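Have a look at the structure below before the remarks.
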Amino acid sequence: MTEVLFYHLQAMSLESVLPPLLEKSLERGWRVVVQSTSPERTEALDAHLWTYSDDSFLPHATWRAGDAQDQPIILSIEESNPNGANVRFLIDNAALPADCDSYERVVLVFNGDDADALTAARGAWADCKARGFEVTYWQADERGRWQRRQ
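Put into structure tokens, the structure is as follows:
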């Protein structure tokens, strides 16, 4: 059954949160697709993931790469799954993909300070519950550690 995790960003940027989550995914042997809603955002994340840390390396490519099927992380604006990922990250209000149930885990990261993002996340939560997915809500504590909330 697909597990859907809702990560609520408050006073944190996606650029600071996403790399550690992707690192943990790779440590677990997962393949990942990160879906955004614009080519510009995807290109900016691509550049960021190469330079975010001097002591870390996140192997990745965009969906345009000729060898996308071989990459452990794909950044995309499409619903496709070119690398056979078992985890999908949705950012920038990207909608749940039609094949949501083909993933082990879907991680929806949303900006809690953006009213549209909050509304979209609430709609996705209701949709996931109605589809019988296991849903969890995560929020960072005052030290930036993610805590599961009820």
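Under full-length UniProt numbering, think of the first position of the sequence shown as 1, with each following residue one higher. Virtual Cβ for every residue (Gly too), placed ideally from N, Cα, C. In this text the structure is predicted, and so the values were computed from the model without any measurement.
- In this structure, A68 keeps its C-beta atom at 8 Å or more from the C-beta atom of P59.
- Boundaries of the beta strand (DSSP E) around L5: 3-9.
- A straight line joining the alpha-carbon of D46 with that of R149 spans about 31 Å.
- W146 has A140 as its beta-bridge partners, per DSSP.
- In the structure shown, A121 adopts helical secondary structure according to DSSP, grouped into three states.
- If you keep only unbroken alpha helix (DSSP H) runs of at least 4 residues inside the region 25-81, you get 39-51.
- Boundaries cannot be given for L96, as no beta strand (DSSP E) includes it and DSSP labels it neither H nor E.
- The Cβ atoms of V32 and V135 lie no closer than 8 Å to each other.
- Residues T37, F110, D116, A117, A120 of the same chain have their beta carbon placed closer than 8 Å to that of N93, with the five preceding and five following residues left out of the count.
- For L96, the closest C-alpha among the options S25, E78, E23 is that of E78.
- Excluding the 5 residues flanking it on each side, S25 has same chain C-beta neighbours closer than 7 Å at V32, V87, in chain order.
- Out of S53, P72, I91, L21, the CA that lies nearest to the CA of T42 is found in I91.
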